[in-house]
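Okay, so here's the structure we're looking at.
Residue numbers (our numbering): 147 to 437.
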């Protein structure tokens with residue numbers, strides 16, 4: 147009986163030591179996996195460095211590892227998620243994701259897709275996406291379409307889309323040109339309304355920024371999403387440079403913003419920003435005129 151008691155006590159001691167060692171290991175891992183700065187690198191040589199006054203940037207995969215909890219310990223973890231009321235933060239994140247998609251994938255067309263009321267109820271986003279999702283998925287699987295689209299409402303409430311597409315779809319000349327003389331095309335495979343597509347020229351990054359503005363100015367999450375994307379899309383390469391918030395801010399070319407409890411600074415640069423001589427704002431405006 148005494149021997150059994152001693153064995154049980156020894157096993158308890160071993161278990162306690164194991165728990166302590168695992169706790170220390172996980173704690174160190176969490177510290178190592180969190181950083182003060184994150185860098186996104188794009189295929190065109192461009193980059194974005196964001197630094198925070200707190201070490202909020204977690205390496206990929208840590209979220210899953212962090213869900214492990216030792217026996218008897220709470221599985222609840224603090225989460226840095228946007229609240230329902232913090233629409234501005236949600237919009238900022240959505241615009242950042244659209245930017246990442248556009249800069250990581252060299253799209254050919256800036257497009258405007260409108261909807262014909264006789265073919266689909268253009269005021270009902272659920273009805274629109276029920277049909278559009280099938281069309282987009284088929285085009286992605288069968289034709290290799292890659293896209294990112296931002297929904298927008300007309301003043302009367304009707305929905306249309308602006309965004310980018312690759313060259314997977316057939317394009318036909320509309321007979322119209324933009325103010326710089328570039329041909330405006332139609333995409334006849336879009337079966338739900340009218341289209342206007344123009345081959346990107348001028349500053350590619352300016353066109354990307356213009357589409358991101360569509361996200362930022364939305365007053366509602368149309369259909370429950372700020373944007374729609376699909377197809378085989380590349381992502382930026384992520385790294386974590388050893389640079390502080392103050393060091394990045396001191397460069398003098400940074401954009402800063404604050405959220406409750408933390409401050410952020412962003413520096414962007416590099417990249418082959420020009421497609422050819424010209425200004426994309428003209429082609430964007432021409433596509434918009436087809437709404």
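Built from N, CA and C at the ideal position, the CB exists for glycine as well.
Check, Outcome
"Segment contact flag, the stretch 380–397 with the stretch 241–261, C-beta cutoff 8 Å, min 3 pairs", "yes"
"Spatial neighbours of residue 211 in its chain, beta-carbon cut-off 6 Å, leaving aside the 5 residues before and after", "In this prediction, residue 211 has a pLDDT of 41, which is less than 50 and means its spatial position is unreliable; what the coordinates show is noted afterwards. Here the set comprises nothing."
"Residue 375 burial status per 10 Å Cβ neighbour count (16 or more: buried)", "buried"
"Distance between residue 199 and residue 406 (C-alpha atoms, nearest Å)", "12 Å"
"Cα-Cα separation between residue 298 and residue 306, rounded to whole angstroms", "6 Å"
"Residue 320 - partner residues in DSSP beta bridges", "Answer is none; residue 320 lacks a bridge partner."
"Residues of its chain near residue 416, where Cβ-Cβ distance is below 7 Å and the 5 sequence neighbours each way are ignored", "191, 192, 193"
"Distance CB(residue 412)-CB(residue 400) smaller than 9 Å", "yes"
"Distance between residue 241 and residue 287 (C-alpha atoms, nearest Å)", "26 Å"
"At least three beta-carbon pairs within less than 8 Å, the stretch 250–264 to the stretch 339–348", "yes"
"Minimum C-alpha distance to residue 312 - residue among 237, 345, 336", "345"
"Cβ distance (whole Å) where residue 183 is taken to contact residue 195 below 8 Å", "6 Å"
"Any alpha helix (DSSP H) of 4 or more consecutive residues that is wholly inside the stretch 232–257", "233–250"
"Beta-bridge partners of residue 392, as assigned by DSSP", "DSSP, once it has assigned bridges, lists no residue as partnering residue 392."
"One or two residues paired with residue 180 in a DSSP bridge", "204"
"Per DSSP, cross-strand counterpart(s) of residue 309", "257, 295"
"Straight-line Cα distance separating residue 309 from residue 295", "4 Å"
"Simplified DSSP state of residue 350, which is helix, strand or coil", "helix"
"Distance between beta carbons of residue 377 and residue 292, contact taken as under 8 Å", "3 Å"
"DSSP three-state assignment for residue 374, whether helix, strand or coil", "strand"
"Meets three-Cβ-pair contact criterion under 8 Å: the stretch 271–286 and the stretch 358–373", "yes"
"Inter-residue Cα distance where the pair is residue 328 and residue 239", "33 Å"
"Distance between residue 315 and residue 265 (C-alpha atoms, nearest Å)", "21 Å"
"Residue(s) in a DSSP beta bridge with residue 385", "185"
"DSSP three-state assignment for residue 190, whether helix, strand or coil", "coil"
"C-beta neighbour in chain B for residue 296, strict 9 Å", "Of the protein chains in the structure, only one exists, and it is not chain B."
"Backbone secondary structure at residue 362 - three-state DSSP", "helix"
"Residue 319 to residue 336 span [Cα, whole Å]", "15 Å"
"Three-state secondary structure (DSSP) of residue 272", "helix"
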